[in-house]
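Colleague: Quick one: structure below, then a few questions.
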Amino acid sequence: QVQLVESGGGSVQAGGSLTLSCAASRYTYTMAWFRQAPGKERGGVAAIGRDGSTTYADSVKGRFTISQDNAKNTQYLQMNSLKPEDTAMYFCAANGVLLARVTYKDWGQGTQVTVSS
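Using this note's numbering, the letters of the sequence shown correspond one by one to residues 4 to 120.
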């Protein structure tokens, strides 16, 4: 089992930016971000493979960028042009397939992102 620790959440005004980080305790072959707003299902945001290949949800394409530092087993999510609808708890996940939530078994505790209008 991989231990995942997220950081970087917070509150920001619409149009602002935040960067989330997720540090894994050991090697992972994929890492991803999911988010869950109150009353909604947890949905995929972005994923990255060890080879650097990336996948994004349509709602964040062009605004969010996922990256990684393989030497540190750490992934990052740069979020720009944030909108109130981006408000959610953001969860880091590892060793799944693209943005298929059910394939991920390793999860972080989550970090809150709040975007005000």
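Note that beta-carbon positions come from the ideal geometry of N, C-alpha and C, so glycine has one too.
Find out if the Cβ-Cβ distance for the pair Q115, M92 is shorter than 8 Å.
Modeller: As a working note, residue 115 is residue 112 in the sequence shown. As a working note, residue 92 is residue 89 in the sequence shown. In this structure, Q115 places its C-beta atom within 8 Å of the C-beta atom of M92.
Colleague: Among N76, T57, D61, whose alpha-carbon lies nearest the alpha-carbon of I69?
Modeller: Counting from 1 along the sequence shown, the entry for residue 69 is found at position 66. Taking only the C-alpha atoms, the option nearest I69 is T57.
Colleague: What residue range is occupied by the uninterrupted beta strand (DSSP E) comprising D72?
Modeller: As a first step, residue 72 is located in the sequence shown; it is residue number 69 there, counting from the start. That run of the beta strand (DSSP E) goes 67 to 72.
Colleague: On the criterion of 16 or more Cβ atoms from any shown chain inside 10 Å, does S71 qualify as buried, or is it exposed?
Modeller: As a working note, residue 71 is residue 68 in the sequence shown. A small correction: the amino acid at residue 71 is Gln; Ser does not occupy that position in the sequence shown. So Q71 ends up on the buried side.
Colleague: Would you list the one or two residues that DSSP bridges to A97?
Modeller: The residue given as residue 97 occupies position 94 in the sequence shown. Paired residues: M34, D109.
Colleague: Can at least three beta-carbon pairs, one atom from the segment 73 to 88 and one from the segment 22 to 39, be found at a separation below 8 Å?
Modeller: yes
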